[in-house]
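Numbering of the sequence shown is given in our numbering, commencing with residue 137 and proceeding in unit increments. The beta-carbon is built from N, C-alpha and C at its ideal position, and this holds for glycine as well.
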Amino acid sequence: MLGFYNYTVILTYLGLASSIFGITQVIEVYKGHGNYSIAFLCLLISGLCDLFDGRIARMKKDRTDREKVFGIQIDSLCDLIFFGVFPAILGYSFGMNHGLGLIAAIAIVLSAVIRLGYFNTVEQERQSQTQEKRHDYRGLPVTSVAIILPIIYIAGGGLLGRTFPFVFQICLIVISALFLIKFRVKKPQIFGVLLLLLIGVLILIGFFQGRLR
Numbered sequence: 137m138l139g140f141y142n143y144t145v146i147l148t149y150l151g152l153a154s155s156i157f158g159i160t161q162v163i164e165v166y167k168g169h170g171n172y173s174i175a176f177l178c179l180l181i182s183g184l185c186d187l188f189d190g191r192i193a194r195m196k197k198d199r200t201d202r203e204k205v206f207g208i209q210i211d212s213l214c215d216l217i218f219f220g221v222f223p224a225i226l227g228y229s230f231g232m233n234h235g236l237g238l239i240a241a242i243a244i245v246l247s248a249v250i251r252l253g254y255f256n257t258v259e260q261e262r263q264s265q266t267q268e269k270r271h272d273y274r275g276l277p278v279t280s281v282a283i284i285l286p287i288i289y290i291a292g293g294g295l296l297g298r299t300f301p302f303v304f305q306i307c308l309i310v311i312s313a314l315f316l317i318k319f320r321v322k323k324p325q326i327f328g329v330l331l332l333l334l335i336g337v338l339i340l341i342g343f344f345q346g347r348l349r
């Protein structure tokens with residue numbers, strides 16, 4: 137079989153499965169069976185998987201050069217779905233199918249493609265020179281989508297009301313720009329994990345209280 141199959145890519149594939157399931161939930165909303173809360177929880181799970189997959193990969197000390205390159209490529213390909221395509225589909229489902237909304241949906245996917253393609257080039261070069269893990273990023277990491285968008289969703293359950301679709305559109309455009317602007321961002325450690333878990337709990341609470349759907 138083509139590809140490399142070991143424990144270093146399992147978490148990446150689990151994140152992909154979570155995103156695909158989340159996308160199906162968004163699609164099923166139109167049929168009256170899907171659920172946005174489950175979709176955003178799936179986005180959170182994909183974010184958690186992305187935070188840990190690199191650490192797990194580095195645990196395997198005997199990785200070949202091909203396995204390392206494959207890991208970089210497969211991680212970025214999946215990230216494009218997690219944090220580019222998935223948010224665009226979420227936005228589209230909130231009425232972003234014309235005007236500003238369509239621009240926002242295109243922008244988030246395009247900027248994610250550019251950022252991830254650039255990251256692949258730089259990271260492959262960096263890993264050929266050192267095994268030291270990365271401590272910071274240039275520009276907003278795509279994983280941040282798994283934190284920012286669920287927060288907007290929680291707020292949209294009450295505070296934003298009818299303005300929620302518009303705010304979602306604007307945030308996607310801003311995030312798209314931040315993906316590509318050069319500024320230093322510290323790599324999230326345990327704080328990022330705890331924040332994702334907290335947001336997940338808030339979504340579940342809002343769902344069971346009927347404030348989120």
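Using the C-alpha atoms, what's the distance from residue j back to residue i?
{"i": "N171", "j": "D198", "result": "43 Å"}
{"i": "L147", "j": "S229", "result": "28 Å"}
{"i": "L238", "j": "T200", "result": "42 Å"}
{"i": "V337", "j": "Q161", "result": "19 Å"}
{"i": "P301", "j": "P286", "result": "13 Å"}
{"i": "S154", "j": "L177", "result": "9 Å"}
{"i": "I317", "j": "I174", "result": "31 Å"}
{"i": "G231", "j": "R202", "result": "43 Å"}
{"i": "F319", "j": "S280", "result": "14 Å"}
{"i": "Y289", "j": "A241", "result": "16 Å"}
{"i": "N256", "j": "G227", "result": "27 Å"}
{"i": "G168", "j": "T299", "result": "23 Å"}
{"i": "V350", "j": "I341", "result": "The first residue shown for the chain is 137 and the last is 349, placing residue 350 beyond what the model contains."}
{"i": "S212", "j": "E164", "result": "27 Å"}
{"i": "D189", "j": "Y141", "result": "14 Å"}
{"i": "Y166", "j": "E259", "result": "40 Å"}
{"i": "I225", "j": "I156", "result": "11 Å"}
Could you give the C-beta distance for residue i and residue j, rounded to a whole number, given that I count them as a contact under 8 Å?
{"i": "F315", "j": "V278", "result": "7 Å"}
{"i": "A243", "j": "L308", "result": "7 Å"}
{"i": "L179", "j": "G158", "result": "6 Å"}
{"i": "L276", "j": "V321", "result": "6 Å"}
{"i": "I217", "j": "L152", "result": "6 Å"}
{"i": "L332", "j": "I283", "result": "6 Å"}
{"i": "V310", "j": "I210", "result": "Actually they do not touch by this definition, with Cβ atoms about 28 Å apart."}
{"i": "L246", "j": "Q305", "result": "The pair is not a contact, with the Cβ atoms about 15 Å apart (cut-off 8 Å)."}
{"i": "Y273", "j": "K204", "result": "Contact flag wrong, Cβ pair sits at about 19 Å."}
Assuming residue i is part of the alpha helix (DSSP H), what are its boundary residues?
{"i": "D272", "result": "Note, D272: premise wrong, no alpha helix (DSSP H); beta strand (DSSP E) at 272-274."}
{"i": "G151", "result": "146-165"}
Kindly indicate which three-state DSSP category residue i falls into: helix, strand or coil?
{"i": "K204", "result": "helix"}
{"i": "R194", "result": "helix"}
{"i": "V221", "result": "helix"}
{"i": "R298", "result": "helix"}
{"i": "L285", "result": "helix"}
{"i": "R353", "result": "The question about residue 353 has no answer here: the residues shown for the chain are numbered 137 through 349."}
{"i": "L138", "result": "coil"}
{"i": "F315", "result": "helix"}
{"i": "Y143", "result": "coil"}
{"i": "F230", "result": "coil"}
{"i": "N171", "result": "coil"}
Taking residue i as the reference, which of the options has the closest Cα?
{"i": "C185", "options": "E203, C214, H169, Q161", "result": "C214"}
{"i": "I335", "options": "A291, Y228, G227", "result": "A291"}
{"i": "L187", "options": "Y289, Y166, F219", "result": "F219"}
{"i": "M195", "options": "L285, Y273, R320, Y143", "result": "Y143"}
{"i": "L330", "options": "I181, I288, H169", "result": "I181"}
{"i": "A193", "options": "S312, E261, Y149", "result": "Y149"}
{"i": "A313", "options": "I250, R262, E261", "result": "I250"}
May I ask which residues mark the beginning and end of the beta strand (DSSP E) holding residue i?
{"i": "V321", "result": "320-322"}
Should residue i be listed as close to the ligand COA, given that the test is whether its C-beta is under 7 Å from any heavy atom?
{"i": "I288", "result": "For the ligand COA, the structure offers nothing, since it holds no ligand at all."}
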